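S.K.: Position 56 of the sequence shown, counting from 1, maps to 179 under my numbering, and the rest follow consecutively. We put the beta carbon where it would ideally sit given N, CA and C, even for glycine. Being a predicted model, the structure only gives us computed values, none of them experimental. The following block contains the structure, expressed as C-alpha cells.
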Amino acid sequence: MTWDRDMHTQTLKEHLTDLLEWGAAHLAIEPVLRAFPAAHAGTQAGAIHHTPWEILEHMRLAQHDVIEVLQTPGHVSPVWPEGFWPSTRSPSDSAEWTGSVERFLDELAAIRAWVSSRETDLYAASPRGSGDTVLREILFLADHNVYHLGQLIVLQQAVGA
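Given below as C-alpha cells:
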C-alpha cells in the first residue's frame with residue numbers, strides 16, 4: 124500500500140476541524156458558551172483569579188490573533204499579556220457577553236472552514252516566523268480553547284449556575 128499524502132492530509136484536516144469544536148472526549152464549545160448565564164459573567168469565584176468574562180474575552184482575543192497570523196500577511200500580534208486580556212472584569216451587560224460569544228463562535232467556524240480548505244497547507248511555515256507550522260498554530264488554538272473551556276465549566280459550577 125502506498126502512502127497518499129493528499130488522503131492523509133484530508134483525514135488530518137477532518138480530525139483538526141473536529142478537534143477545534145471538541146465534543147468527543149470533551150464537551151463541545153458552543154453549547155457550553157451559549158448555556159453560560161450572562162448574569163454570572165463578571166462573577167469571581169473564590170480563589171479563581173479570572174472571571175468568566177475575562178476568560179471568554181481572552182479566548183476570543185487569542186483565537187482572533189491566531190486567525191490573523193495565519194490569514195493576514197504582516198499581522199502584528201498584540202503585546203503580551205495586556206493585548207490578550209480584556210480591560211474589564213465583566214461585560215457591560217448581557218448583550219456584550221452574547222456578542223462576544225457570537226464573535227468567538229463565528230471565528231471558530233471560519234477557522235474550521237479555512238483548515239478544511241483544499242488550499243490550506245498544514246505543513247507550511249507559520250507566517251509568525253517562529254519556525255512553527257500552520258498545523259502547530261491550529262493545534263495550539265485547539266489546546267488553548269479547550270483549556271479555557273474547562274476553566275469556564277469549573278467557574279459555572281463554582282458560581283452555582
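(1) What distance in whole Å lies between the Cβ atoms of E242 and S249, which are believed to be in contact at a cut-off of 8 Å?
(2) Express the C-alpha separation of D188 and V151 in angstroms, rounding to a whole number.
(3) In terms of residue numbering, what span does the alpha helix (DSSP H) encompassing P175 cover?
(4) Can you name, in chain order, every residue of its own chain whose Cβ lies under 8 Å from the Cβ of K136, other than the five neighbours on each side?
(5) Using the Cα positions of T211 and A161, report the straight-line distance between them to the nearest angstrom.
(6) Which runs of the alpha helix (DSSP H), 4 residues or longer, sit entirely within the segment 207-263?
(7) Quick check on the burial criterion: 16 or more other C-beta atoms within 10 angstroms. Buried or exposed for M130?
(8) Looking at the structure shown, is I276 part of a helix, part of a strand, or coil, going by DSSP?
(9) Which residues bound the alpha helix (DSSP H) around I171?
(10) With a CB to CB cut of under 6 Å and the five nearest residues on each side skipped, what residues in its chain are close to R235?
(11) Are there three or more Cβ pairs, one per stretch, closer than 8 Å when the segment 267-282 is compared with the segment 154-168?
M.R.: Based on what the coordinates show:
(1) So it is not a contact: roughly 16 Å between Cβ atoms.
(2) Looking at the sequence provided, one finds Ala at residue 151 rather than Val. For A151 and D188, the gap between their C-alpha atoms comes out near 22 Å.
(3) Residue range P175 to Q194 is occupied by the alpha helix (DSSP H) that includes P175.
(4) So the list reads V238, S239, T243 and L245, once near-sequence residues are dropped.
(5) Distance between the alpha carbons of T211 and A161: 15 Å.
(6) For the segment 207-263, whole alpha helix (DSSP H) runs of length 4 or above, ordered along the chain, are 217-239.
(7) Burial is judged here by how many other beta carbons sit within 10 angstroms of a residue's own beta carbon; M130 has fewer than 16 and is exposed.
(8) Of the three classes helix, strand and coil, the one that applies to I276 here is helix, per DSSP.
(9) Boundaries for I171: no alpha helix (DSSP H) harbours it, and the DSSP string shows neither H nor E there.
(10) Short of 6 Å from the beta carbon of R235, and not among the five residues preceding or following it, lie these beta carbons of its own chain, in chain order: T140 and L143.
(11) Short answer: they touch.
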